[in-house]
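Residue numbers (the UniProt record's numbering): 1 to 427.
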């Protein structure tokens, strides 16, 4: 099972022991449980959690794995005999006022929120900020645009990168928007949502203790029946992760295509040369960071299918695909976070504009004539560059000069710069 989930279970067991002491649990036992839970949280006991994701759909085996590890470690702390269940019992004490049916979904939410807040959002923000720096650096460089993989009208390289910045900002907002629903905890619902075998206020107090331990705000779910039987919040959250993956796939592909070459591709961007790219072709350098990013995005998109199917399998009072849901959600969070950090550090910050190549392609494009539509009309504007330019390999600028017979005629590129990009420089 994913380590962040095990850590979240440690947080939960510690919180429950603190609350249970207020309801009569022997403080000596409660404190020993808390100390053992701290070791689970720190990762010190991670080797004692060997279970795989494919187990009972409620996650009962993992909950009991945690109960038994915490119980035995607490027994050790108190000087007892391992496996004796004395003086700390895994069910009666560590699992007091709890059921696997409410502990596992609680740990799922705690793990997801913690990983999103501590790892994913900072990584996305770092990438967005790096893209924003490139947007500013490239704001004055005019280049040819492309639609349908064909030449289109010009824009600046900064404008092109501004689209990536907005995608990432939207992604951060989407992921952040799901956190309030992920912050609602099932704890206190016990077996079917009724709260059987818990004390009044136990659910609220546990949420408060989890908030203190993690530093993130959690609340008790207002309806425990929904919290046990469905995982709509996690399905929604992974939908946001999937959208981020779609954005990153587009961004990484654009960058590697713009950096294709070095001599026979688009070559508008120069990408960092991190390592040799071929075992047979000397001097070849591949866009490995872009390729790694697109592969991890593909994995996240695949995880979306699993999470969607698993989220729909809540029969009556319990969803029984819990382990596979959280495994895929946490994997997607970690892949996106690690991928963004690597992409930022090893690719984006080192991207440079190949201004000579950008200028060459800009001047060779016949789409600059689009600016003449309002001056000459569509038919006239399209006739001379399309026919003359494609037949003779002349640029739009030279076609226009030949058509007008003088440099004093209409200037497609200059007109575009004056009308749409007053601060752009001609490279």
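Here a beta-carbon is modelled for each residue, glycine too, at the ideal position from N, C-alpha and C.
7 Å Cβ shell around residue i - same chain, five flanking residues per side excluded
i: residue 59; result: 100, 104, 322 and 323
i: residue 204; result: 220
i: residue 146; result: 152
i: residue 357; result: 267 and 268
i: residue 272; result: 346, 347 and 350
i: residue 46; result: 3 and 6
i: residue 107; result: 5, 8, 9 and 12
i: residue 95; result: 67
i: residue 161; result: 131, 134, 135 and 138
i: residue 77; result: 32, 35 and 36
i: residue 186; result: 102, 105, 106, 221, 224, 227 and 228
i: residue 301; result: 242 and 245
i: residue 235; result: 307, 308 and 311
i: residue 63; result: 100, 103 and 104
8 Å CB neighbourhood of residue i in its chain, flanking five on each side removed
i: residue 175; result: 116, 120, 121, 124, 237, 240, 241 and 244
i: residue 61; result: 51 and 55
i: residue 156; result: 138, 139, 140, 141, 142, 143, 421 and 424
i: residue 216; result: 113, 114, 117 and 183
i: residue 316; result: 229
Spatial distance of residue i from residue j (CA atoms)
i: residue 26; j: residue 91; result: 15 Å
i: residue 275; j: residue 135; result: 26 Å
i: residue 75; j: residue 43; result: 19 Å
i: residue 405; j: residue 353; result: Low local confidence applies: a pLDDT of 41 at residue 405 is under 50, so the model's placement there is unreliable, with the coordinate-based value given in what follows. One C-alpha to the other measures close to 35 Å.
i: residue 8; j: residue 230; result: 20 Å
i: residue 227; j: residue 109; result: 10 Å
i: residue 23; j: residue 196; result: 15 Å
i: residue 377; j: residue 365; result: 19 Å
i: residue 334; j: residue 32; result: 32 Å
i: residue 305; j: residue 313; result: 13 Å
i: residue 166; j: residue 307; result: 27 Å
i: residue 283; j: residue 259; result: 16 Å
i: residue 178; j: residue 303; result: 18 Å
i: residue 48; j: residue 69; result: 7 Å
i: residue 427; j: residue 270; result: Confidence is the limiting factor: at residue 427 the pLDDT is only 40, short of 50, which leaves the residue's position unreliable and the question unanswerable from this model.
i: residue 278; j: residue 264; result: 17 Å
i: residue 359; j: residue 158; result: 15 Å
i: residue 71; j: residue 21; result: 16 Å
i: residue 373; j: residue 361; result: 21 Å
i: residue 169; j: residue 149; result: 26 Å
i: residue 370; j: residue 363; result: 14 Å
Cut-off 6 Å between Cβ atoms - residues of its own chain near residue i, not counting five sequence neighbours on either side
i: residue 367; result: 151, 152 and 153
i: residue 402; result: For residue 402, the pLDDT reaches just 47, beneath the cut-off of 50, and the residue's location in the model is therefore unreliable, leaving the point undetermined.
i: residue 339; result: 293 and 296
i: residue 181; result: 233
i: residue 290; result: 252, 255 and 256
i: residue 431; result: Any question about residue 431 goes unanswered here, given that the chain covers just 1 to 427.
Contact check, residue i vs residue j, beta carbons under 7 Å
i: residue 288; j: residue 249; result: no
i: residue 51; j: residue 1; result: yes
i: residue 11; j: residue 210; result: yes
i: residue 183; j: residue 225; result: no
i: residue 37; j: residue 206; result: no
i: residue 57; j: residue 320; result: yes
i: residue 102; j: residue 190; result: yes
i: residue 39; j: residue 344; result: no
i: residue 247; j: residue 171; result: yes
i: residue 337; j: residue 325; result: no
i: residue 87; j: residue 80; result: yes
In DSSP terms, what residue i is bridged to
i: residue 352; result: 270
i: residue 315; result: 318
i: residue 220; result: 185
Alpha helix (DSSP H) segments (min. 4 residues) lying fully within the stretch 114-164: 121-137
Sequence ranges, beta strand (DSSP E) only - wholly within the stretch 80-111, length at least 3: none
Start-end ranges of the alpha helix (DSSP H) lying completely within the stretch 190-249, minimum 4 residues: 202-214 and 224-229
Alpha helix (DSSP H) segments (min. 4 residues) lying fully within the stretch 15-70: 27-42
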